[in-house]
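Take 1 as the starting number for the sequence shown in full-length UniProt numbering and just add one per residue. Where a beta carbon is used, it is the ideal one built from N, C-alpha and C, also for glycine. Here's the structure, in structure tokens; my notes come after.
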Amino acid sequence: MIRNLYRHVQPLTAQIASSSPDSLGIFEDFYEEVFKEIDEAYGRINQMHVCENMGEHLIGNVYIKVR
């Protein structure tokens with residue numbers, strides 16, 4: 001788990017629901033970059049989740065399971 005790695009001014013669900021390609025693009029760029037970095041450093045990724053939570057200590061946590 002990587003704590004509070006993803007932070008954006010809009011909640012993740014609002015970004016995805018937004019009709020603006022920029023909102024979704026920001027998240028996709030983040031996801032791709034983290035995926036590539038972890039894959040190269042620690043091995044093949046089995047699962048990766050970026051969380052959006054209301055609790056300040058949980059916002060933007062990224063959970064990654066490598067093989």
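Taking the C-alpha atoms as reference points, what is the distance between residue i and residue j?
i, j, result
"Met-1", "Ile-38", "12 Å"
"Met-48", "Arg-3", "13 Å"
"Lys-36", "His-57", "25 Å"
"Tyr-42", "Val-34", "12 Å"
"Ile-64", "Glu-28", "16 Å"
"residue 69", "Glu-32", "Only positions 1 to 67 of the chain appear in the structure, and residue 69 is not among them; the question remains open."
For residue i, count neighbouring C-beta atoms within 10 Å of its own C-beta (all shown protein chains included) and say buried if the count is 16 or more, exposed if not.
i, result
"Val-66", "exposed"
When you compare the CB of residue i with every CB in chain B, is at least one pair closer than 7 Å?
i, result
"Leu-24", "No chain B is part of this structure, which consists of one protein chain only."
Just checking my contact of residue i with residue j at CB under 8 Å: how many whole Å lie between their CB atoms?
i, j, result
"Gly-60", "Leu-24", "Gly-60 to Leu-24, Cβ: 17 Å. No contact."
Which residues does DSSP list as the beta-bridge partners of residue i?
i, result
"Lys-65", "Gln-47"
"Ile-2", "Val-62"
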